[in-house]
Amino acid sequence: MALYPMEEYDVAVIGAGHAGIEAAMAAARLGCKTVLFTLTLDGIANMPCNPSIGGTAKGHLVREIDALGGQMGIAADVTFLQSRMLNRGKGPAVHSLRVQSDRAQYHLYMKRLVENQPGLDVKQAEIVDILRTDGRASAVVTRLGGVYPVKAAILCCGTYLEGKIHVGEVSYPGGPDAVSPAVGLSESLRQMGLPLRRFKTGTPARVHRDSIDFDKLERQQGDEIICPFSFSTTKPLVNRVDCYIAYTNEETHRVILENLHRSPLYSGRIEGVGPRYCPSIEDKVVRFADKKRHQLFIEPMGLDTEEYYLQGMSSSLPEDVQIRFLRTIKGLERVRLMRTAYAIEYDCIDPLALTPALECKAVPGLFGAGQFNGTSGYEEAAAQGLMAGINAARKVQGKKPVVLSRSDGYIGALIDDLVTKGCRDPYRMMTSRSEYRLLLRQDNADERLMPIGHEIGLVSDETLHRMEEKYRLVAAEEKRLQKLTISPDPALNRLLEERGSAPLTQAVRAAELIRRPQIGYRDLLPYDENRPDLPAEVAEQVEIRIRYAGYIARQLRQVEQMKRLEGKKIPPDFDYHAVTGLRLEAIEKLSAVRPEHIGQAAGISGVSPADISVLLVALQEGGT
Amino acid sequence: MNLLAGCDKSIVTAQPGTTRDVVEETVRLGKAVLHLSDTAGLRETADPVEREGVSRARRRMEEAALLIAVFDRSEPLTAEDFALLESLQGRAAIAVLNKGDLPAAVEAEELRPYTAYTVTLSAKQGEGLSALIEAVEELSKLNRFDPSAALLANARQYHAACRAAEAVGEGLSALRSGFTLDAVTISLTDALAALLELSGESVTEAVVDEVFSRFCVGK
């Protein structure tokens, strides 16, 4: 193939999905001359699976992305159809925002965004090769032979890398939504010594609205008061659609079980590892054989389409079986498929080969983000894309990488998990993956991360000052409530007793009352004449801070513990083989991961506390 | 002292005020290993050397985990004896009536209001030692020690177990007062961390410091 030189860029982003957009926007906004390559311009920010943003723990990621100056939260607010705060009954740590999105509008919004970003070129081209100079990534090559010299490149290839689609007994090379797979790039990466592996994921069928009997389904409405994703969204938001809930039954399960032999998963044609936490319906029926029914959500794909998405029903069974089992479900008896469910296999990297800045250890200047790094989900992808984009730009500009700690946010935990523990199946964010859930709430992502986003250069002075003003009001109101006394009052005592809380016998501080889980900040309004008129998000912070003060303090002490371990740095060229007393498995794992500090080393699976003690002694010997 | 040490460690005479320095010895008494300090008898005296001995004895009494107060059974209790008995109250203490081989001028009953453990023995004849051993084991609870039960071997482990118990208690009270699980789990995380530290399954700063405090790392 004849190669020809093309324009030079600082940063090339390969793939314009949720990771690629954040990466490209961040790099360009930080002043790098950036190019964003996509297999098709019509697939920018595509949602090949659920037309939805957020959800448990994923909602935290979106708010953190927004606080750092990323794009996903703003786009989600502009294009959402229905919004719900999940887990409201379970305490502030696990409240998670989730919206149903208009898939086409989301794509258009993001396409316009990247097209109009100064310093960013968007090109439809397939990258088939990465060139190196002195071991560092130095150029990307298109299928047509164009060579773009670059200082850094970010791989955001999603499920397209050697993608292979499976539906029943049929399989063929392909990416999601009938886009061609990326062919050849994998080979280039393998030749550089990058450890690639095969993962698998799946998506359910899309069906026509007219073929659903909605009156047989449970209706699920959005929240009355909508909390936006972005801290900068100020205009009121309204729900545009309803979603619906249906259930499988024993007949559904019978049809699935009788046809398992026609599934590529069970016949062994799929070698890739699927996501444990997002199983296909046939997986659920087999693994949870005692469950008589499984829930599914029926969700619109957008306002300008009749397509509906069947959340919870991903499958790789043959098309005829899909139709048969769907038609056993109440409300879907005459359902008509528009897109068949499928499973897709793709190449991705073992994330242990990445640094905490998401750069390939073996190839400086080459970064990875999203499904390429072994994760699952748009939000996980966007979070990594943002960090990879920031760090690629900083590398080009000769700055130190920004690495978020596990105590900074879910993004820190996500990336630390990936590069320290690795993943054996597509990694999905969950609240249980963070040790510091009560500190890392979705409601305070602005307080936690906006200063960092501002320091990086992605958050404006104005946004930062607005945040600071919000928390100044919070602190003042908290202080006022610590002083304000509330006297026993018949109405108040009635309320307390109704809620199962002890009535007052003497005057108490307002803050003490709010500390009771049964009583809220708003409940005390009638007994608080001088209360200032505060925005809802300020009142929310005041209540959480007062009520959970003791627990927050406790968790801060836990953070301190970890910070001390993080403070014990390990030299990058440390020779683990020279340490006597380390077990062989630990030597291998430590040499592969090359942890930056003892805290990270302790998180590696296969490294025991005894190994850490040995390591500490060795570091002490070498360091003093 | 000599009876327990099994050798002539302290000088013994009929003369009160013979012991002045604190004589120390580690002795095994039944299941217990005692770091024994033989001190001067507590009494008013004009002799400056003996007075120093008495004040050293008082200091050692303050520090001791177990007091063994020895009284002469053949003589009636003196005002100084009663003062000593007063100071045994609320302490882990055994009152020993020595010279059990001589006619009694003091009955064990007289000492009961001051300490639950009274032993009559004869140091000279070597009699009544088993009663003293029993009292020491009872006081140190060693007789209730089950070698197959879980064992907290040092202060760090003990504190970790206490921290775990305290954290579980706080978690329970948070749950009872209506807090959501996201708050309750913070206490449970602390409890778990303390237990993992105890079992060596997690690395914390405390363990790390312990490693360095107990091993000479060298250069």
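Protein sequences, first through last, are from chains A and B. Read left to right, the first sequence gives residues 947 to 1570 (our numbering). Read left to right, the second sequence gives residues 1400 to 1618 (our numbering). The C-beta atom is built at its ideal place from N, Cα and C for all residues, glycine as well. Bear in mind that the values here come from a model prediction, so they are computed numbers and not experimental data.
Compare the Cα-Cα distances from residue i to each of the options and report the closest residue.
i                       : options                        : result
residue 1219 of chain A : A/1143, A/1185, A/1542         : A/1143
residue 1254 of chain A : A/1285, A/1237, A/1233         : A/1285
residue 901 of chain A  : A/1453, A/1153, A/1520, A/1430 : Summary: the structure shown does not reach residue 901 of chain A, with chain A confined to residues 947 through 1570, and so no result is reported for it.
residue 963 of chain A  : A/947, A/951, A/1125           : A/1125
residue 1074 of chain A : A/1064, A/1065, A/1085         : A/1085
residue 1506 of chain B : B/1601, B/1500, B/1519, B/1573 : B/1519
residue 1426 of chain B : B/1418, B/1596, B/1435         : B/1435
residue 1413 of chain B : B/1588, B/1509, B/1561, B/1498 : B/1498
residue 1501 of chain B : B/1523, B/1571, B/1569         : B/1523
residue 1171 of chain A : A/1509, A/1034, A/1442         : A/1034
residue 1472 of chain A : A/1505, A/1202, A/1437, A/1487 : A/1437
residue 1501 of chain A : A/1386, A/1287, A/1121, A/1153 : A/1386
residue 1549 of chain B : B/1560, B/1542, B/1540         : B/1560
residue 978 of chain A  : A/984, A/969, A/986            : A/969
residue 1040 of chain A : A/1174, A/1548, A/1381, A/1446 : A/1381
residue 1141 of chain A : A/998, A/1045, A/1293          : A/1293
residue 1210 of chain A : A/1317, A/1111, A/1256         : A/1111
residue 1483 of chain B : B/1513, B/1474, B/1582, B/1464 : B/1513
residue 1570 of chain B : B/1521, B/1587, B/1526, B/1485 : B/1587
residue 1413 of chain A : A/1225, A/1072, A/1366, A/1013 : A/1013
residue 1453 of chain B : B/1418, B/1470, B/1428, B/1473 : B/1418
Sorry if obvious, but does the Cβ on residue i come closer than 7 Å to a heavy atom of the ligand MN?
i                       : result
residue 1382 of chain A : With respect to the ligand MN, the structure offers nothing, as it holds no ligand at all.
Does the CB of residue i have a neighbour CB from chain B at under 8 Å?
i                       : result
residue 1367 of chain A : no
residue 1457 of chain A : no
residue 934 of chain A  : In this structure chain A extends from 947 to 1570, so residue 934 of chain A is not present and cannot be described.
residue 1040 of chain A : yes
residue 1037 of chain A : yes
residue 1463 of chain A : yes
residue 951 of chain A  : no
Does chain A have any CB closer than 8 Å to the CB of residue i?
i                       : result
residue 1461 of chain B : no
residue 1537 of chain B : no
residue 1601 of chain B : yes
residue 1616 of chain B : A caution first: residue 1616 of chain B carries a pLDDT of 43, below 50, which makes its placement in the model too unreliable to give a value.
For residue i, which residues in the same chain have their Cβ closer than 7 Å to its Cβ, ignoring the five residues on either side in sequence?
i                       : result
residue 1557 of chain A : 1528, 1529, 1532
residue 1467 of chain B : 1493, 1495
residue 1327 of chain A : 963, 964, 965, 1315, 1316, 1317, 1321
residue 1457 of chain A : 1427, 1428, 1492
Spatial neighbours of residue i within its chain, please: CB distance less than 6 Å, with the 5 preceding and 5 following residues excluded, ordered by chain position.
i                       : result
residue 1420 of chain B : none
residue 1197 of chain A : 1274
residue 1082 of chain A : 1310, 1311
residue 1509 of chain A : none
residue 1305 of chain A : 1313
residue 1615 of chain B : At residue 1615 of chain B the pLDDT is 49, less than 50, meaning the model places this residue with poor confidence; the figure from the coordinates comes in the next sentence. Cβ neighbours of residue 1615 of chain B beyond the five flanking positions: none.
residue 1026 of chain A : 1045, 1047
I want to see whether chain D comes within less than 8 Å of residue i, judged by CB atoms only; does it?
i                       : result
residue 1354 of chain A : Absent here is chain D; the protein component of the structure consists of chains A and B.
Ordered along the chain, which non-local residues of its own chain (more than five positions away) have a Cβ less than 8 Å from that of residue i?
i                       : result
residue 1065 of chain A : 974, 975, 977, 978, 979, 980
residue 1516 of chain B : 1492, 1493, 1494, 1534, 1537, 1538
residue 1460 of chain B : 1438, 1466, 1486
**Asked** For the stretch 1045 to 1057 of chain A, which residues have a beta carbon sitting closer than 7 Å to at least one beta carbon of chain B?
**Response** none
**Request:** Can you check the stretch 1235 to 1313 of chain A for any beta strand (DSSP E) of at least 3 residues that lies completely inside it and give the ranges in chain order?
**Result:** Within the stretch 1235 to 1313 of chain A, the complete beta strand (DSSP E) runs of at least 3 residues are 1241 to 1246, 1253 to 1257, 1283 to 1285, 1288 to 1295.
**Prompt:** Of the residues that make up the stretch 1566 to 1590 of chain B, which ones have a beta carbon closer than 8 Å to any beta carbon in chain A?
**Reply:** Result list: 1573, 1576, 1577, 1578, 1579, 1580, 1581, 1582, 1584, 1585, 1586, 1588, 1589.
**Message:** Give me the subset of the stretch 1372 to 1390 of chain A whose CB atoms are less than 8 Å from a CB atom of chain B, sorted by chain position.
**Reply:** 1381, 1383, 1384
**Request:** Please list the residues of the stretch 1534 to 1554 of chain A that have a C-beta atom closer than 7 Å to any C-beta atom in chain B, keeping them in chain order.
**Result:** 1548
**Entirely enclosed beta strand (DSSP E) segments - the stretch 951 to 978 of chain A, minimum 3 residues** = 955 to 960
**Request:** Determine which residues of the stretch 1389 to 1417 of chain A have a Cβ less than 9 Å from any Cβ of chain B, and write them out in chain order.
**Result:** The stretch 1389 to 1417 of chain A vs chain B, Cβ under 9 Å: nothing.
**Asked** At which residue ranges does the stretch 1183 to 1213 of chain A contain complete alpha helix (DSSP H) runs of 4 or more residues, listed in the order of the chain?
**Response** Correct list: 1196 to 1204.
**Request:** Closer than 7 Å, Cβ to Cβ, to anything on chain B: give me those residues from the stretch 1473 to 1506 of chain A, in chain order.
**Result:** 1494, 1497, 1500, 1501, 1504
**Prompt:** What residues in the stretch 1422 to 1435 of chain A have a beta carbon less than 8 Å from any beta carbon of chain B?
**Reply:** none
**Message:** Could you tell me which whole alpha helix (DSSP H) segments of length 4 or greater appear in the stretch 1409 to 1482 of chain B?
**Reply:** 1447 to 1462
**Asked** Can you list the beta strand (DSSP E) stretches of 3 or more residues lying completely in the stretch 1010 to 1046 of chain A, in chain order?
**Response** 1026 to 1032
**Asked** Which residue spans inside the stretch 1490 to 1555 of chain A form an unbroken alpha helix (DSSP H) run of at least 4?
**Response** 1495 to 1513, 1530 to 1539, 1544 to 1548
**Item:** Contained alpha helix (DSSP H) runs [length at least 4] in the stretch 1422 to 1461 of chain A, N- to C-terminal order
**Value:** Runs found: 1436 to 1444, 1456 to 1460.
**Message:** So within the stretch 1064 to 1106 of chain A, which uninterrupted beta strand (DSSP E) runs reach at least 3 residues, ignoring any that extend past its ends?
**Reply:** 1066 to 1070, 1073 to 1079, 1082 to 1088, 1092 to 1101
**Prompt:** If you scan the stretch 1474 to 1535 of chain B from start to end, which runs of the beta strand (DSSP E) of 3 or more residues do you find wholly inside it?
**Reply:** 1492 to 1497, 1516 to 1519
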